[in-house]
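**Q**
Residue numbers (UniProt numbering): 1 to 387.
Set out below in structure tokens:
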């Protein structure tokens with residue numbers, strides 16, 4: 001079978017009328033081999049990404065094509081400002097296209113055991129979090145429930161802290177806790193932006209003290225930071241603390257993953273510069289580099305990574321490029337708030353390649369994986385069994 005990502009790029013380029021002669025021939029041959037491809041309407045597939053209804057699809061297609069022509073040359077640019085990253089979620093169409101092909105028997109199917117599914121619906125994650133105030137009281141934030149006090153405003157899907165004119169004499173902290181099946185956006189009083197992934201908790205000051213180091217703590221979980229420059233705050237540094245490390249921020253954008261059930265803490269730099277201090281040594285990172293700190297040995301390793309893949313969760317997609325199914329199902333279980341059991345342990349090491357929309361039903365996700373990785377699965381209540 002042809003690489004679905006390559007074929008999807010050809011379909012997109014055909015839509016934009018930028019196919020080369022050789023690509024036209026290649027796509028024509030593929031259409032002859034799989035006739036149902038002719039019925040695929042790209043716009044209809046894109047429209048299925050309901051979470052991205054506001055995206056300018058034409059601009060998104062062009063961004064995707066532009067990226068595909070760059071081959072493996074991945075520019076180290078800002079996620080928020082570069083059009084490729086801004087519209088990267090559209091690549092989920094590749095996997096939706098794949099799901100379409102399988103549902104319509106466009107590819108030769110492999111005989112598998114029928115899947116057992118409990119009719120109880122497992123919903124994709126949504127914007128929700130619990131805010132713990134300085135007095136210990138808690139407020140649950142979700143769509144449709146607004147919250148406001150003298151420091152912060154929330155519309156239920158994000159919370160924004162406003163700076164005060166008076167410089168506080170002491171630091172007062174709030175906690176934002178995102179459960180399994182959730183994510184949330186936070187803007188701190190210094191204009192630093194933070195995206196929290198499922199099963200994560202951040203401790204942060206309600207107001208920062210002027211000209212002093214700005215400290216926040218990622219208690220556990222995963223967070224993407226876009227840090228307000230120190231030049232805007234009298235040179236005050238910004239540091240992210242965690243039990244296993246301290247990250248001193250010199251640049252602006254980076255991702256930290258520090259889940260309690262994982263022994264490695266990952267820090268991925270998108271732009272600028274950070275220094276990772278694990279207590280034994282200080283390791284500077286450059287854009288597209290990722291540090292991994294072993295909680296037990298305290299050793300730090302650094303490698304080059306695909307920034308898009310490491311931060312795709314913030315753009316509304318899962319990006320898996322050759323990751324073991326065991327690691328993938330950890331991500332899936334957090335987002336859909338389900339338990340995953342590998343009845344067939346051999347499946348844990350099977351690698352899967354794909355980019356999927358986080359708005360898809362769990363059955364669609366599993367059906368795609370079933371076509372390439374999983375022979376059989378069973379869903380009962382909030383438990384998924386892979387067989």
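Glycine residues also receive a C-beta, built at the ideal position from the N, C-alpha and C atoms. In this text, all values refer to a predicted model and were calculated from it rather than measured experimentally.
Whose C-alpha, out of 211, 195, 297 and 169, is nearest the C-alpha of residue 177?
**A** One-based indexing of the chain shown puts residue 177 at position 177. It is 195.
**Q** Nearest-angstrom Cα distance between residue 241 and residue 315?
**A** The sequence position of residue 241 within the chain shown is 241, counting from 1. The sequence position of residue 315 within the chain shown is 315, counting from 1. Using only the alpha carbons, I get a separation of about 25 Å.
**Q** May I have the straight-line CA-CA distance separating residue 261 from residue 199, to the nearest angstrom?
**A** Counted from its first residue, the chain shown places residue 261 at position 261. Counted from its first residue, the chain shown places residue 199 at position 199. Roughly 11 Å between the two C-alpha positions.
**Q** According to DSSP, is residue 330 part of a helix, a strand, or is it coil?
**A** Translated into positions along the chain shown, residue 330 becomes position 330. Three-state DSSP puts residue 330 in a helix.
**Q** Would you call the CB atoms of residue 162 and residue 189 closer than 8 Å?
**A** Looking up residue 162 in the chain shown gives position 162. Looking up residue 189 in the chain shown gives position 189. Result yes, Cβ atoms of residue 162 and residue 189 sit closer than 8 Å.
**Q** One question on the structure: do residue 227 and residue 192 come within less than 8 Å of each other, judged by their Cβ atoms?
**A** One-based indexing of the chain shown puts residue 227 at position 227. One-based indexing of the chain shown puts residue 192 at position 192. In this structure, residue 227 places its C-beta atom within 8 Å of the C-beta atom of residue 192.
**Q** What is the C-beta distance between residue 342 and residue 369, in whole angstroms, given that I count them as a contact (C-beta under 8 Å)?
**A** Here the question's residue 342 lines up with position 342 in the chain shown. Here the question's residue 369 lines up with position 369 in the chain shown. 13 Å between Cβ atoms; not a contact.
**Q** Put residue 10 into one of helix, strand or coil per three-state DSSP.
**A** Counting from 1 along the chain shown, the entry for residue 10 is found at position 10. Three-state DSSP puts residue 10 in a helix.
**Q** If I follow the unbroken beta strand (DSSP E) through residue 293, where does it start and stop?
**A** The sequence position of residue 293 within the chain shown is 293, counting from 1. Where residue 293 is concerned, the enclosing beta strand (DSSP E) stretches over 289-294.
**Q** Could you check whether the region 203-212 touches the region 243-250, counting it as contact only if at least three pairs of C-beta atoms, one from each stretch, sit closer than 8 Å?
**A** no
**Q** Taking C-alpha atoms, which residue in 25, 221 and 231 lies nearest to residue 330?
**A** Residue 330 sits at position 330 when you count from the first residue of the chain shown. Just measuring C-alpha positions, the residue of 25, 221 and 231 sitting nearest residue 330 is 221.
**Q** Helix, strand or coil for residue 259, going by three-state DSSP, please let me know.
**A** Residue numbering aside, residue 259 sits at position 259 when the chain shown is read from its first letter. Three-state result, residue 259: coil.
**Q** Reducing DSSP to helix, strand and coil, say where residue 208 ends up.
**A** Taking the chain shown and counting its residues from 1, the one referred to as residue 208 is at position 208. Residue state, collapsed to three classes: coil.
**Q** To the nearest angstrom, how far is the alpha carbon of residue 78 from that of residue 308?
**A** On the chain shown, residue 78 is found 78 positions in, with the first residue counted as 1. On the chain shown, residue 308 is found 308 positions in, with the first residue counted as 1. In this prediction, residue 78 scores a pLDDT of 36, lower than 50, which makes its location untrustworthy; the coordinate-derived value is nonetheless stated afterwards. If you take the alpha carbons of residue 78 and residue 308, they lie about 11 Å apart.
**Q** Could you compute how far the alpha carbon of residue 339 sits from the alpha carbon of residue 348?
**A** By 1-based counting over the chain shown, the position of residue 339 is 339. By 1-based counting over the chain shown, the position of residue 348 is 348. In a straight line, the C-alpha of residue 339 is about 15 Å away from that of residue 348.
**Q** Under the rule that 16 or more other beta-carbon atoms within 10 Å means buried, what is residue 334, buried or exposed?
**A** Here residue 334 refers to the residue found at position 334 when the chain shown is read from its first residue. Burial call: buried.
**Q** Given a threshold of 16 other Cβ atoms within 10 Å of its Cβ, counted over all protein chains shown, does residue 183 qualify as buried or as exposed?
**A** As a position in the chain shown, residue 183 is number 183, starting the count at 1. So residue 183 counts as buried.
**Q** Does the distance from the CB of residue 160 to the CB of residue 147 come in under 8 Å?
**A** Within the chain shown, the letter at position 160 stands for residue 160. Within the chain shown, the letter at position 147 stands for residue 147. Their beta carbons are not under 8 Å apart, which means residue 160 does not touch residue 147 by this criterion.
**Q** Looking only at its own chain, which residues have a Cβ that is under 7 Å from the Cβ of residue 174, when we skip the five neighbours before and after it?
**A** Here residue 174 is taken as the residue at index 174 of the chain shown, counted from 1. These residues qualify, in order along the chain: 131, 132, 133, 134, 204 and 206.
**Q** Going by CA-CA distance only, name the one from 324, 252, 237 and 218 that's closest to residue 258.
**A** Counted from its first residue, the chain shown places residue 258 at position 258. When each option's Cα is compared against that of residue 258, the closest is 218.
**Q** Would you mind working out which of 235, 124, 282 and 180 sits nearest residue 298, comparing C-alpha positions?
**A** For the purposes of this step, residue 298 is identified with residue 298 of the chain shown, where counting begins at 1. Nearest option by C-alpha distance: 282.
**Q** Which partner residues does residue 221 have in the DSSP bridge list?
**A** Locating residue 221 in the chain shown gives position 221, counting from the first residue. DSSP output for residue 221 lists 258 as bridge partner(s).
**Q** Quick check: the Cα distance between residue 63 and residue 24, rounded to an integer number of angstroms?
**A** For the purposes of this step, residue 63 is taken as residue 63 along the chain shown, with counting starting at 1. For the purposes of this step, residue 24 is taken as residue 24 along the chain shown, with counting starting at 1. Residue placement at residue 63 is flagged as unreliable, the pLDDT there being 44, under the threshold of 50; a coordinate-derived value is accordingly withheld.
**Q** Give me the Cα-Cα distance between residue 49 and residue 360, rounded to the nearest whole angstrom.
**A** Residue numbering aside, residue 49 sits at position 49 when the chain shown is read from its first letter. Residue numbering aside, residue 360 sits at position 360 when the chain shown is read from its first letter. Confidence at residue 49 is low in this model, with a pLDDT of 39, below 50, so the placement of that residue should be treated as unreliable; the coordinate-derived value is given next. Going from the Cα of residue 49 to the Cα of residue 360 covers about 8 Å.
**Q** How far does the alpha helix (DSSP H) with residue 130 in it reach, from first residue to last?
**A** Along the chain shown, one-based indexing puts residue 130 at 130. Per DSSP, residue 130 belongs to no alpha helix (DSSP H); it is in the beta strand (DSSP E), 126-132.
**Q** What is the DSSP secondary structure of residue 368, counted as helix, strand or coil?
**A** Counting from 1 along the chain shown, the entry for residue 368 is found at position 368. Helix, per DSSP.
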